[in-house]
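Below you'll find the structure, written out as structure tokens, and then a few comments.
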Ligand code: GRF
């Protein structure tokens, strides 16, 4: 079966990026990573890409008049690398190009460390811990112009009742993220997700 061509967008540590690479090597994820795109050239994710001979493209905010212009360039990069699915993995920016969002509608995905719509935003694990949640988890969703707001593809609950602080919560959720993201990317290579309103359904080829 043909591998799905993906771009990973990351701004930081890159542990999800690394997990996808490893799961591809193990045959658990039928994908090929055509490029890593980052807005932080010193992000650890860049080192992971280099180590694995994955091309890196840097979006340098200073080179563009606006965020929309930068993301129009991102759109060009995605076409240049023949990307079929755009995978956000710790990418800390919203996508501002209307052309890109339109062309890649329902082909851009993000992973978020909470059960959305609870705890959107950058401090999801701390927010769930501070709230006293016993269960949190992860959400994989389509990306639209909003913050963690697109239709939900997949969710997994994680028991955080025994976690002593927000860092333990993050780590526990991350372990599930590292398997779940590859699993969903794999499904994209073997079928289609369709979206009706907020409801996402999957059909195998
Ligand atoms: C993960 O917790 C992910 O859910 C969130 O950002 C974090 C990225 O971590 N979107 P990493 O860079 O993949 O290690």
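Numbering (this note's numbering), first residue to last: 1 to 205.
C-beta: ideal position from N, C-alpha, C; glycine also.
Item	Value
Segments assigned beta strand (DSSP E), at least 3 residues, entirely inside the stretch 29–61	31–38, 56–58
With 16 other Cβ atoms within 10 Å as the buried cut-off, status of residue 129	buried
Residue 190, enclosing alpha helix (DSSP H) - first and last residue	166–190
Presumed contact (8 Å Cβ cut-off) between residue 195 and residue 142, rounded CB distance	7 Å
Whole-angstrom distance between residue 119 and residue 125, CA atom to CA atom	8 Å
Residue 111: CB within 6 Å of a non-hydrogen atom of the ligand ADP	The model on display carries the ligand GRF but not the ligand ADP.
Neighbourhood of residue 55 by C-beta, 8 Å cutoff - its chain only, sequence neighbours within 5 removed	34, 35, 36, 49, 81
As assigned by DSSP and simplified to three states, the class of residue 208	Lying outside 1 to 205, the shown extent of the chain, residue 208 is not represented and no answer is given.
Cut-off 6 Å between Cβ atoms - residues of its own chain near residue 185, not counting five sequence neighbours on either side	29, 31
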